[in-house]
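What follows is a set of notes on a single structure, which appears directly below.
Protein chains in written order, with my numbering: chain R, 1 to 418; chain X, 419 to 1366.
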């Protein structure tokens, strides 16, 4: 199982280590540093690195490498999943997962890591249970703690660990009982030069924020559950009921959690909400190139496309860009050659455009590669797959909760080739 | 205010201060003090001096304080073992606390104290906790057994914790089951042969029930454990699959992949015409696709596994090509894996899409990725014949970009395409030649030279082109030099008149001015060949080349099968057998996919879709580097067959040629060279033989110690030379000869397996028919590497004698079945009875006397052993080596009477009296036994032992 964990920052320093079995010397990370040195980009470090006696499995999140050390045959996905869980927990506790935040809360971090693994076996990874064991630091609590000298370790042991619904804490009480659900869909797409879709798929999630007293038993049904043929559920969902009736039935964890994630594959028709007209050309022998981009809405079901951000990695030979944006602002970083254009909202009557020229290094060859355009956007009140929640019912408790559902569509890895 | 406040004190006398605070009466002050101690500890300050003071704080009802003290204990117990014993009492007390969480916490911390002295005290509390009424405590205790095992394995076994752990598999609580499985799996890893996880249908049922209710991590442990089970029949297999399928919808990708492993393994057993089989195939695709939308690290592991799944069952993902299209900001390790899978999935139906994508990738920024993309286009051309033309034109387009590394890669793959489709695309040669000057990588230069040489007759200025390379001959890499030599010789044979000067020049450069032995050797061969018999030279050098095969770098089927059983593990990430891992090798057993129920398919390798690549061992091109080596051989080797291991034959052949074997080459009898390759291939067999020999030495030593007050050196167990048991004619090319031996109390069957067929043999297994003494193989037949043609491998199979018994005629007859990938073969052989003579066969004198009298005289048999030239002492010594023990010796009238006893494995005693007259080479042997039918065979053993 998992032997040790090292946290390495962007400059390659180990700033935290934790061992669950015997101590593994820091020098084991030298193999990781070698790999880090070989990698051209920080994210190109291979996830599994063999060393003579150990294997190093690492993930890169928030510019921190979480390097786990294992000694025997352990499923790598198990380790990677666990590491991601650690990151999520830190983020949950400290709001951000940065080196500074981890260093500031080092005692909590150790306490958390100690509770999450026992001898390398996962122990408590549910945030509900962890929060009962170790209270997350809040400004109020730190102030209170400094005054009263009390601490952030729960006085109570987590009784939830003993129950059959280990994800829910017991004795939950709220004055306002509410259950909110967010349906968030991300479109991953590759659009080719001519504007036709090469591949497009939707990654959707239903995130919940449930603050209900007692032990509520919820059922959530969809208008068109047939869309969901490839789903992953939170452990609380009763799978049999879903198989038989296509209804989500569950006792929810307390607070925020991801109820389900789903995937609408490239074989279904996926609506593409924006289009890009582009004309990027470099002429041989000339130190100028032409650059024109125009964005427009496509299949948006009448909803506005907002928070549009266009970015493109221009060829290395580009020295500078002299462009004119019809709306929003653009920046060009001459070092990284990254062009980004913060467009904002697309107005269908007056399409945003970015036009002008780019200057190339004098005497350089015409660049070989064509820049790819990355687009980010948001569409409120729309799930692009067409998924719709039908109703939410609660059993097991007497009170009437507030219910709410929100839809949102975002761009995931939305790329346009030129 | 943050935790950093605990780190600020650096004053002198800090320890002293802390000590005072720790002993304070105020609880809050105590707690703060312990916190400061812990903080100092985490930054590496030595606070071990405070050990007694901190331990004193342990007896508290404040949970946080207790936890902090536990943390301190875990850290310092190792360096202060004597002090740590003071803490034992508290642990024991805490283990009996009414609160189950305190009990669990105590047992959990206890296991983390890695001090031998303490562990003994902890056995009792642990035992109680393993049987605690609360599942949470039991679950924690289960993991504690694994911890304890890590510290002191012997103790865990002696205390019977392993059995308790096994019982926990049937626990009523799913979490306890999951943790017991996890702990047992970890322990089993250090005990490769133990039957710790003995799975039967009842436990499987328990596991499947627990699977639905335990945490995600528990599900992973249980699924991995299930994957080791072999269902009895297809119905059980189907019911397990049905109950595992819901796991495919889990949010945790490790659960999903473990479930995929179980399904991939068990569906192998299902009949293919079953409806459920098709349903299952359909269900597998979506979760695999979903894995690809996760974080890049997860994607990487998933892709490595999908690579295996696609090779095993291409039908699962054949419609999902698009999800493997590369996004430009994928990390490079994801890009390269996706590319690999795209090629594996490429078929006539989707080739247009794939090519368009690949062409797009070839214009990206990342050089490694671009190279691989160009190479992929070549692989597509070779794989999908219909697309070859389009691929070639795509490659030509890429060459027009004049991007240096793209051009070079393109030329390397075009050479491969020429080898797959000769005489089809020569029109492009002109374009290639235009780029000759820009090639600066050896591989590309060598490929270009090969093309020029191969098609010299159609290139007008071939001689000029090659000559231009010749100028800097000594600066070229060996690869290029060899290729240039061969190409010029080809050119000469095709256009002898104009190029005589050129060929002489290259030959002299290669033979006289070069330090490289390979180059020199090859130069000499060509030189002699050309000067002796140009016609033969033409036949050899310009011989028709075998085509390269379609599918490239497929994993060898047996390895693939094993890797499928290890989906989701490190082995599957590295595509290497689990035994190849240093640390992991301890506990790895070779896992096989169970054979399909009631079908004949079991022997043949599993279907690999329509590609039909399972028919013959494909002549795989493992990598570009090897390909060139291969190419070079092709210039020499005769076009007989696509033997994959021609490579050694080249070097062997060359050496022999220089040694005067030139005539044979010129005589056209080149058939000699592959056989030399075979001779080389046989070399590795020395090693297994040596390994087999090792136990023999041990056995001999054992005998030495048995001697007691022995006289002189007894000889060891006599082993009959190997005899032919199964001639190759009867067994489709498999020849088996063998013998039996008893080494250190273990019966062994030593066999030499020889492959006299043309194809590689794999998947060996052995079974015995029931026999008189219940002999049965004690382990599987260990033939780890495939047996290539003309290779011989020696194996030693340990035998046990607790198999089923049936009387055979003759008594020592043994019927054996040997299976390999080709068929099952049967033969029978006879073993010497002395194999069954056990080491403790020495009877007490008194017992001997009584037994001798007790056995009726009718059971006595007399034999004459003739022509033995040994005195009685030497004979007795020799017999002892075969476990025939002399109990007493009497001399009557110049006649030595030896009284001897033998015990068989089935506890039959054989008593013997041997009369030896000095000077007379003939012995008289009287044998008495309650089972008189063995006498004859005992006599044979005597004769055999004494005469050898």
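A virtual CB, placed ideally from N, CA and C, is assigned to each residue, including glycine.
Item to check | Same chain, Cβ closer than 7 Å to residue 1109 of chain X, neighbours up to 5 away in sequence not counted | outcome: Stepping through the second chain from its first residue, residue 1109 of chain X is reached at position 691. With a pLDDT of 39 at residue 1109 of chain X, under the threshold of 50, the modelled position of that residue is not reliable, and the figure given next carries that caveat. Listed in chain order, the non-local C-beta contacts of residue 1109 of chain X below 7 Å within the same chain number zero, local neighbours out to five positions each way being set aside.
Checklist entry - Sorted by chain position, which residues of the same chain lie with C-beta nearer than 8 Å to residue 885 of chain X's C-beta, five sequence neighbours on each side aside? => result One-based indexing of the second chain puts residue 885 of chain X at position 467. So the list reads 920, once near-sequence residues are dropped.
Checklist entry - What is the C-beta distance between residue 273 of chain R and residue 298 of chain R, in whole angstroms, given that I count them as a contact (C-beta under 8 Å)? => result Position 273 of the first chain, counted from the start, is the residue given in the question as residue 273 of chain R. Position 298 of the first chain, counted from the start, is the residue given in the question as residue 298 of chain R. About 6 Å; that satisfies the 8 Å criterion.
Item to check | Cβ of residue 34 of chain R within 9 Å of any chain X Cβ | outcome: Residue numbering aside, residue 34 of chain R sits at position 34 when the first chain is read from its first letter. Answer no: the Cβ-Cβ gap between residue 34 of chain R and chain X never drops below 9 Å.
Checklist entry - In terms of residue numbering, what span does the beta strand (DSSP E) encompassing residue 1285 of chain X cover? => result Position 867 of the second chain, counted from the first residue, corresponds to residue 1285 of chain X. Taken as a continuous stretch (DSSP letters only), residue 1285 of chain X belongs to no beta strand (DSSP E), as it is neither H nor E.
Checklist entry - So, do the stretch 977 to 988 of chain X and the stretch 929 to 940 of chain X have three or more beta carbon pairs nearer to each other than 8 Å? => result no
Next on the checklist: Could you check whether the Cβ of residue 12 of chain R sits closer than 9 Å to any Cβ belonging to chain X?
Outcome noted: Here residue 12 of chain R refers to the residue found at position 12 when the first chain is read from its first residue. No, residue 12 of chain R does not count as interfacial toward chain X.
Item to check | Near-chain R residues of the stretch 971 to 988 of chain X - C-beta to any C-beta below 8 Å | outcome: 986, 987 and 988
Checklist entry - In its own chain, which residues sit with a C-beta less than 7 Å from the C-beta of residue 1139 of chain X, not counting the 5 before and 5 after it? => result The count along the second chain starts at 1 and reaches residue 1139 of chain X at position 721. So the list reads 1157, once near-sequence residues are dropped.
Checklist entry - Using Cβ-Cβ distances below 7 Å, what residues of the stretch 670 to 681 of chain X are close to chain R? => result 670, 671, 672, 675 and 676
Checklist entry - Are the beta-carbon atoms of residue 669 of chain X and residue 166 of chain R separated by less than 9 Å? => result Counted from its first residue, the second chain places residue 669 of chain X at position 251. Counted from its first residue, the first chain places residue 166 of chain R at position 166. For residue 669 of chain X and residue 166 of chain R, no; Cβs fall outside 9 Å.
Checklist entry - With a Cβ-Cβ cutoff of 9 Å, do residue 276 of chain R and residue 294 of chain R count as a contact? => result The count along the first chain starts at 1 and reaches residue 276 of chain R at position 276. The count along the first chain starts at 1 and reaches residue 294 of chain R at position 294. Yes, they are a contact pair.
Checklist entry - For residue 1143 of chain X, does the three-state DSSP call read helix, strand or coil? => result Indexing the second chain from 1 puts residue 1143 of chain X at position 725. The answer is strand: DSSP assigns residue 1143 of chain X an E or B state.
Checklist entry - With 9 Å set as the bound, which would you pick, yes or no: does the beta-carbon of residue 1287 of chain X sit closer than that to a beta-carbon of chain A? => result In the displayed structure, chain A is absent; the protein chains listed are R and X.
Item to check | Close beta carbons around residue 538 of chain X, own chain, < 8 Å, minus the five adjacent residues each side | outcome: Here the question's residue 538 of chain X lines up with position 120 in the second chain. So the list reads 573, once near-sequence residues are dropped.
Checklist entry - Can you find a C-beta in chain R that's less than 9 Å from the C-beta of residue 1042 of chain X? => result Numbered from its first residue, the second chain carries residue 1042 of chain X at position 624. Low confidence applies to residue 1042 of chain X: its pLDDT is 38, below 50, so where it sits in the model is not reliable, and the reading given next is rough at best. Judged by the 9 Å Cβ criterion, residue 1042 of chain X is not in contact with chain R.
Checklist entry - So, helix, strand or coil for residue 54 of chain R, using DSSP? => result The residue given as residue 54 of chain R occupies position 54 in the first chain. Coil.
Next on the checklist: If I measure Cβ to Cβ from residue 890 of chain X and keep anything under 7 Å in the same chain, skipping five residues before and after, which residues do I get?
Outcome noted: For the purposes of this step, residue 890 of chain X is taken as the residue at position 472 of the second chain. So no residue of the chain qualifies.
Next on the checklist: Whether or not the stretch 499 to 512 of chain X and the stretch 537 to 553 of chain X are in contact is what I'm after, with contact meaning three or more pairs of Cβ atoms, one per stretch, closer than 8 Å; do they touch?
Outcome noted: yes
Checklist entry - In terms of alpha-carbon separation, which member of R:185, R:218, R:25 and R:213 lies closest to residue 175 of chain R? => result Stepping through the first chain from its first residue, residue 175 of chain R is reached at position 175. The candidate whose alpha carbon is nearest that of residue 175 of chain R is R:213.
Checklist entry - Considering only the beta carbon of each residue, do residue 355 of chain R and residue 180 of chain R sit closer than 9 Å? => result The sequence position of residue 355 of chain R within the first chain is 355, counting from 1. The sequence position of residue 180 of chain R within the first chain is 180, counting from 1. No, these two residues do not count as a Cβ contact at 9 Å.
Item to check | Straight-line gap, residue 225 of chain R to residue 243 of chain R (C-alpha atoms, nearest Å) | outcome: Here residue 225 of chain R refers to the residue found at position 225 when the first chain is read from its first residue. Here residue 243 of chain R refers to the residue found at position 243 when the first chain is read from its first residue. Their Cα atoms are separated by approximately 11 Å.
Checklist entry - What are the partner residues of residue 209 of chain R, as DSSP defines its beta bridges? => result Position 209 of the first chain, counted from the start, is the residue given in the question as residue 209 of chain R. Residue pairing of residue 209 of chain R in beta bridges, as defined by DSSP: R:180 and R:256.
Item to check | Buried versus exposed, by CB contacts within 10 Å (16 or more), residue 1129 of chain X | outcome: What you label residue 1129 of chain X is simply residue 711 of the second chain in a count that begins at 1. Only weak support is given to the placement of residue 1129 of chain X: the predicted model assigns it a pLDDT of 39, under 50, and the value that follows is read from those uncertain coordinates. Per the 10 Å Cβ criterion, exposed.
Item to check | Residues near residue 577 of chain X in its chain [Cβ-Cβ closer than 6 Å; skip 5 each side] | outcome: Here residue 577 of chain X refers to the residue found at position 159 of the second chain. Here the set comprises 541.
Next on the checklist: Just to confirm my understanding: we take residue 17 of chain R, look at its own chain, exclude 5 residues before and 5 after, and list those with CB closer than 8 Å. What are they?
Outcome noted: If you number the first chain from 1, residue 17 of chain R lands on position 17. Closer than 8 Å at the Cβ level, and outside the excluded window around residue 17 of chain R, lie 4, 5, 6, 7 and 26.
Next on the checklist: Please report the straight-line C-alpha distance between residue 196 of chain R and residue 590 of chain X, rounded to a whole angstrom.
Outcome noted: Here residue 196 of chain R refers to the residue found at position 196 when the first chain is read from its first residue. Here residue 590 of chain X refers to the residue found at position 172 when the second chain is read from its first residue. Going from the Cα of residue 196 of chain R to the Cα of residue 590 of chain X covers about 57 Å.
Item to check | Close Cβ partners of residue 296 of chain R (< 6 Å) along its chain, the five nearest in sequence each way excluded | outcome: Residue mapping note: residue 296 of chain R aligns to position 296 of the first chain, counting from 1. Around residue 296 of chain R: 275 and 351.
Item to check | Within 9 Å of chain X by C-beta, residues of the stretch 386 to 416 of chain R in sequence order | outcome: 412, 413 and 415
Checklist entry - Does the pairing of the stretch 247 to 258 of chain R with the stretch 671 to 687 of chain X give three or more beta-carbon distances under 8 Å? => result no
Checklist entry - Where in the stretch 706 to 737 of chain X do unbroken runs of the beta strand (DSSP E), each at least 3 residues long, occur, reported from the N-terminal end onward? => result Not a single unbroken stretch of the beta strand (DSSP E) spanning 3 or more residues falls wholly within the stretch 706 to 737 of chain X.
Item to check | Contact set for residue 493 of chain X: own chain, Cβ-Cβ below 7 Å, skip 5 residues either direction | outcome: Counted from its first residue, the second chain places residue 493 of chain X at position 75. Cβ neighbours of residue 493 of chain X beyond the five flanking positions: 459.
Item to check | Cβ separation of residue 652 of chain X and residue 702 of chain X, assumed to be a contact under 8 Å, to the nearest whole Å | outcome: As a first step, residue 652 of chain X is located in the second chain; it is residue number 234 there, counting from the start. As a first step, residue 702 of chain X is located in the second chain; it is residue number 284 there, counting from the start. Residue 652 of chain X to residue 702 of chain X, Cβ: 18 Å. No contact.
Item to check | residue 566 of chain X classed as buried or exposed, judged by whether at least 16 other C-beta atoms fall within 10 angstroms | outcome: The sequence position of residue 566 of chain X within the second chain is 148, counting from 1. Residue 566 of chain X is buried by the Cβ-count criterion.
Item to check | In chain order, each alpha helix (DSSP H) run of at least 4 residues that lies wholly inside the stretch 750 to 776 of chain X | outcome: The stretch 750 to 776 of chain X contains these whole alpha helix (DSSP H) runs: 750 to 763.
Checklist entry - Among X:495, X:533 and X:562, which one has its Cα closest to the Cα of residue 521 of chain X? => result By 1-based counting over the second chain, the position of residue 521 of chain X is 103. Distances from the CA of residue 521 of chain X to each of X:495, X:533 and X:562 were compared; the closest alpha carbon is that of X:562.
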